[in-house]
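Participant: Okay, handing you the structure first.
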Amino acid sequence: VYPDPLRNAIDELGRLPGIGPKNAARLAFHLLLKTSNEDATRFADAIVQMKAQTTFCPVCCSVAANGELCGICADDRRDPSMICVVQDPRDLVVMERSGTFAGRYHVLHGGLSPLEGIGPDQLRIAELEARCRGGVVDEVILCTNPNVEGDTTALYLAKVLGPLVAKVTKIASGVPVGGDLEYADEMTIGRAFEGRRDLEA
Ligand SMILES: [Zn+2]
């Protein structure tokens, strides 16, 4: 029923997470009928530019503009002796919004999952180990997700990082079990963070 170009747009929008076929059609019709050519072009350009000009921070592996450090690694007011480890760049954003942490971050880009074939080499763990070997880091705070994957990752990191830094701590489990850190509210994150405990390897 749809002309091919409209069909294509609906298909592409429908591939985004959380967008079902109905919403994809709604968005495509909005772009087709309610959006000026200028606005639609700006929207498409933003995606192309984002893909072309964004990469990973060479220090913490979060997202950064090509050839640059991320905003946090570039900020020398941030305490380099503490590293908060998160699985996903979006977790970092939640943590920042909670305003509880003044140190640096490290983004793993996932969690250990032997069943899915995700081992230490598939995550940004070598980079984290290298940072911990530099002699600057005192405390590593593990803010992995409160689920099996996150816990497996935290235990593994405690084992490999324990000998390298003075302290490895883990965020308190104030967040709902099985949930993602991303969906926890800022207050809960703040409390969980303050209640972090030493993790024995
Ligand atoms: Zn960085």
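Residue numbers for the sequence shown follow the numbering used here, beginning at -19 and rising by one.
Idealized CB from N, CA, C, for every residue including glycine.
All of these numbers come straight from a predicted model, not from anything done at the bench.
Confirm, please, whether the CB-CB distance from V145 to V116 is below 7 Å.
Facilitator: No, Cβ-Cβ distance for V116 and V145 is not below 7 Å.
Participant: Would I63 and R84 be called neighbours here (beta carbons separated by less than 7 Å)?
Facilitator: yes
Participant: Which value, in whole angstroms, describes the spacing of the CA atoms of G158 and P69?
Facilitator: Residue placement at G158 is poorly supported in this model, since its pLDDT is 49, which falls under 50; the coordinates still yield a value, given next. Per the coordinates, the alpha-carbon of G158 lies some 19 Å from the alpha-carbon of P69.
Participant: Below 8 Å on the Cβ atoms is my guess for V74 versus E166; work out the distance and round it to an integer in Å.
Facilitator: Right, their Cβ atoms sit about 7 Å apart.
Participant: Sort out for me which residues DSSP pairs Y85 with in a bridge.
Facilitator: C64
Participant: For the beta strand (DSSP E) that contains K147, what are its first and last residues?
Facilitator: Counting along the chain, the beta strand (DSSP E) containing K147 begins and ends at 147 to 150.
Participant: Report yes if the C-beta distance between G91 and G130 is below 7 Å; otherwise report no.
Facilitator: Between G91 and G130, the CB-CB gap stays under 7 Å.
Participant: Which residues in the same chain as L11 place their Cβ atom closer than 6 Å to its Cβ, once the five residues preceding and following it in sequence are excluded?
Facilitator: A20
Participant: For V39, is the beta carbon positioned less than 6 Å from some heavy atom of ligand 1?
Facilitator: yes
Participant: Run through DSSP, which three-state label would I(-1) get?
Facilitator: coil
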